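Peer 1: Starting off with a structure, shown below.
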Amino acid sequence: MIKLYTDVLVVGGGAAGLKAALTAADRGVQVILAVDYPYSGSTFYANSPEWGLTCARDEADVEALYQDIIHASHGCLNPVLARRMAEESRQGFEELKGYGLEFTNSKDIGMVSCFGKTARGGVLNDLNQAVDAYQEQIEARPKLKVVSGITAFTLVMKEGACRGVIGFQKDGEITVLLASATVLACGGGENLYQYSYAVGPLNGSAYAMAARHGARIVNLEFVQFINATLEPAGGLNYFQGAFAAVKSFTNRSGERFLEKYLPRGCTAEECMKLRSSHGPFSSEDVSKYFYIAVAAEGGAVIVSDLKKLEAPEFTSWKKFLTGSHYPFDTPMTIYPHAHAFNGGILAGNDITTDIPGLYAAGESMGGCHGANRMGGNAIMAAQVFGKLSANAAADYAKARGNTDDVTSEESLAMIEQACYSKERQGKMPPEKAMEAVQKIVQKAAFLERTEEKLNEGIRSLERLREAYAPMAFLDTPQAASAFSTYNAVCSALLMLTAMRERRETRGAHLRLDYPEKTDGNMRYVTFRPSGEVAFGPVR
1346 MIKLYTDVLV
1356 VGGGAAGLKA
1366 ALTAADRGVQ
1376 VILAVDYPYS
1386 GSTFYANSPE
1396 WGLTCARDEA
1406 DVEALYQDII
1416 HASHGCLNPV
1426 LARRMAEESR
1436 QGFEELKGYG
1446 LEFTNSKDIG
1456 MVSCFGKTAR
1466 GGVLNDLNQA
1476 VDAYQEQIEA
1486 RPKLKVVSGI
1496 TAFTLVMKEG
1506 ACRGVIGFQK
1516 DGEITVLLAS
1526 ATVLACGGGE
1536 NLYQYSYAVG
1546 PLNGSAYAMA
1556 ARHGARIVNL
1566 EFVQFINATL
1576 EPAGGLNYFQ
1586 GAFAAVKSFT
1596 NRSGERFLEK
1606 YLPRGCTAEE
1616 CMKLRSSHGP
1626 FSSEDVSKYF
1636 YIAVAAEGGA
1646 VIVSDLKKLE
1656 APEFTSWKKF
1666 LTGSHYPFDT
1676 PMTIYPHAHA
1686 FNGGILAGND
1696 ITTDIPGLYA
1706 AGESMGGCHG
1716 ANRMGGNAIM
1726 AAQVFGKLSA
1736 NAAADYAKAR
1746 GNTDDVTSEE
1756 SLAMIEQACY
1766 SKERQGKMPP
1776 EKAMEAVQKI
1786 VQKAAFLERT
1796 EEKLNEGIRS
1806 LERLREAYAP
1816 MAFLDTPQAA
1826 SAFSTYNAVC
1836 SALLMLTAMR
1846 ERRETRGAHL
1856 RLDYPEKTDG
1866 NMRYVTFRPS
1876 GEVAFGPVR
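Right, dumping it as structure tokens:
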């Protein structure tokens, strides 16, 4: 067993984790950045056009940006956090440029973010250059230590407060990371689905780790699905704007099919126009029928019109295709993939969570996004709340003083407690359990949801959790994947419960059995001590 000590522990190697670690180090405290994969999550996904960042153009634009965030969210967010995001967005953008990241102004290429109303912020020029810039920033901070190859499993809890994280090395060795304050920024739960794209196994571990100690998790029902390719290669992020430059759009048999899925009075042209205005699936306009049709057909083949691609708004898409060595008119088979989570661990107005000493940022944090999320707001939120959570964690660590210690026996007891069982006789391999999770989630929690499917999924996950024994893999090279998979089972239970309990249709959440909007408030899920899921409204 390895034990490491620090003032502030940050878990996660995406944009939010990097921002939190750099900020905390600048506050003069010792920082460990613990990552499974360095430069991970949705931020550093290479098979995609470079990401964009939304920010206020100037002080006069802050209120308009805030109103656009509220409008896009369709409720279900904390307006105080949304305002903080708008107010501090410009500074976050400038700090990224100060790190050495270079951007093209969105206004110059006429790119309006998904669910947005005007061009703001910029588009990253080069992902590889950004990685180099981040690495330089890390190396310039002697108080910041990066520990790679750590799969986080559960929180270290003492006297009702978080004192770090217990995880596993790639060879299965237990690693206890002890800290006065901890920031979880280890992404969302994209890997819970059979079709997803991101860097690293994003199994919703932050949600499971926090919820099992009573933290409220919000908005897990709002998952962003974006079309990505099945062919010519898997997982290429198909730029939403390119739907405005379509030459042909058929099923895999070469047949037109969209029209038969559209309601009376809606044309294919209208549907495609809205489809090109935002990437993520949303129930709020008729573009939803595009996604439903593609999913029902098992994929769609798209060929672009070369003349239309000459417009400036396709600059980043053509750059990506060129870099990937695909001609601009390459036929591409697309299918909806899970890309991002709009929810996470509930953060209050002061950025604290329900657990003293625990903070969250990025997709691990909930409350700043709603039923839909504007494009570019993910990176903006990572900068704003990565910084705010790190400052709060640094203040907490300084006030608290020395890091607690735990014995090896205490660490093992915490692992056992997290599993709700000491069973060590399980025979199901982690990869089989993960396949089972993905099949259950894909069936119950894809685009169109019903009470019947969600209840069936929840029962299947409960049976899986009873049958699967990660403790059987303790002290083996499979420990990291075994316990990460157990977190996947737990986070999937939280997510499906959240989807069942939101009995309405709103934003990214489409309930066939509850098609109307009825409740614009946030609702939470968490675990009771017994392991059962509890839920209720956020008050």
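In my numbering, the protein residues as written are 1346 to 1884. Where a beta carbon is used, it is the ideal one built from N, C-alpha and C, also for glycine. Every value quoted in this text rests on a predicted model; they were computed, and no experiment measured them.
1. Are the CB atoms of residue 1527 and residue 1703 within a distance shorter than 8 angstroms?
2. Quick check on the burial criterion: 16 or more other C-beta atoms within 10 angstroms. Buried or exposed for residue 1405?
3. Hey, which unbroken runs of the beta strand (DSSP E) at 3 residues or more fall wholly within the region 1365-1452?
4. Give me, in chain order, the residues of the same chain whose beta-carbon lies closer than 7 angstroms to that of residue 1721; leave out the 5 immediate sequence neighbours on both sides.
5. State yes or no: is the beta carbon of residue 1480 nearer than 8 angstroms to at least one beta carbon in chain D?
6. For residue 1569, is the classification buried or exposed, using 16 other Cβ atoms within 10 angstroms of its Cβ as the cut-off for buried?
7. Expressed to the nearest angstrom, what Euclidean distance is found between the alpha-carbon atoms of residue 1571 and residue 1753?
8. Taking the straight line between their C-alpha atoms, what separation do you get for residue 1794 and residue 1588?
9. Can you list, in chain order, the residues of its chain whose CB lies under 7 angstroms from that of residue 1375, leaving out five sequence neighbours each side?
10. So, are the CB atoms of residue 1679 and residue 1583 less than 8 angstroms apart?
11. Could you compute how far the alpha carbon of residue 1538 sits from the alpha carbon of residue 1778?
12. What separation, rounded to the nearest whole angstrom, lies between the Cα atoms of residue 1856 and residue 1629?
13. Using the beta-carbon count (16 or more within 10 Å), is residue 1747 buried or exposed?
14. What residue does the alpha helix (DSSP H) around residue 1569 start on, and which one ends it?
15. Assuming residue 1756 contacts residue 1346 under a Cβ cut-off of 8 angstroms, what Cβ separation, rounded to an integer in Å, is found between them?
16. Decide yes or no for the touch test of the region 1494-1503 against the region 1758-1765: beta carbon pairs closer than 8 angstroms, at least 3 of them.
17. What distance in whole Å lies between the Cβ atoms of residue 1449 and residue 1476, which are believed to be in contact at a cut-off of 8 angstroms?
18. CB residue 1387 to CB residue 1685, shorter than 8 angstroms?
19. Would the beta-carbon of residue 1736 fall within 8 angstroms of that of residue 1549?
20. Assuming residue 1546 and residue 1829 form a contact by the criterion Cβ under 8 angstroms, report the distance between their Cβ atoms to the nearest whole angstrom.
21. Would you mind reading off the limits of the beta strand (DSSP E) that contains residue 1799?
22. Using a threshold of 8 angstroms, state whether the C-beta atoms of residue 1626 and residue 1825 are closer than that.
23. Just confirm the distance between the C-beta atoms of residue 1806 and residue 1688, as a whole number of angstroms; I'd bet it's less than 8 angstroms.
24. Identify, in the order they occur along the chain, each residue of the same chain with its Cβ nearer than 8 angstroms to the Cβ of residue 1585, setting aside the five sequence neighbours on each side.
25. Report the start-end ranges of each alpha helix (DSSP H) in the region 1591-1636 that is 4 residues or longer and not cut off at the edges.
26. Leaving out five residues before and five after residue 1849 in sequence, what residues of the same chain have Cβ atoms less than 8 angstroms from its Cβ?
27. Taking only the alpha-carbon atoms, compute the straight-line gap between residue 1743 and residue 1812 and give it to the nearest angstrom.
28. Out of 1419, 1529 and 1453, state which residue places its alpha-carbon closest to the alpha-carbon of residue 1364.
29. Would you mind listing the beta strand (DSSP E) stretches within the region 1625-1690 that are 3+ residues and don't spill past its ends, in chain order?
30. What's the C-alpha gap between residue 1661 and residue 1636?
31. Does the Cβ of residue 1672 have 16 or more other Cβ atoms within 10 Å, making it buried, or fewer, making it exposed?
32. Residues in the same chain with beta-carbon distance under 7 angstroms from residue 1821, minus the five sequence neighbours each way, listed in chain order, please.
33. Counting C-beta neighbours from all protein chains within 10 Å, is the total for residue 1912 16 or more, i.e. buried, or is it exposed?
34. In whole angstroms, give me the CA-to-CA distance for residue 1650 and residue 1669.
35. Please list the terminal residues of the continuous alpha helix (DSSP H) segment that includes residue 1294.
36. So, is residue 1381 buried or exposed, given that buried needs 16 or more other C-beta atoms within 10 angstroms?
Peer 2: With the structure as the only source:
1. yes
2. exposed
3. 1376-1380 and 1448-1450
4. 1397, 1398, 1399, 1458 and 1466
5. The question asks about chain D, but that chain is absent: this structure has only one protein chain.
6. buried
7. 44 angstroms
8. 26 angstroms
9. 1351, 1352 and 1488
10. yes
11. 13 angstroms
12. 12 angstroms
13. exposed
14. Looking at the DSSP string, residue 1569 is not in any alpha helix (DSSP H); the run it does join, the beta strand (DSSP E), is 1568-1576.
15. 7 angstroms
16. yes
17. The Cβ separation is near 18 angstroms, so there is no contact.
18. yes
19. no
20. 6 angstroms
21. Unbroken run through residue 1799 is the alpha helix (DSSP H), 1796-1812; no beta strand (DSSP E).
22. no
23. About 18 angstroms separates the two Cβ atoms, so there is no contact after all.
24. 1459, 1571, 1572, 1620, 1621, 1622, 1623 and 1624
25. 1613-1620
26. 1856, 1859, 1861, 1862, 1863 and 1864
27. 44 angstroms
28. 1529
29. 1645-1649 and 1677-1686
30. 23 angstroms
31. exposed
32. 1517
33. Residue coverage of the chain in this structure runs from 1346 to 1884, which leaves residue 1912 outside it and unanswerable.
34. 19 angstroms
35. The question about residue 1294 has no answer, for the chain in this structure spans 1346 to 1884.
36. buried
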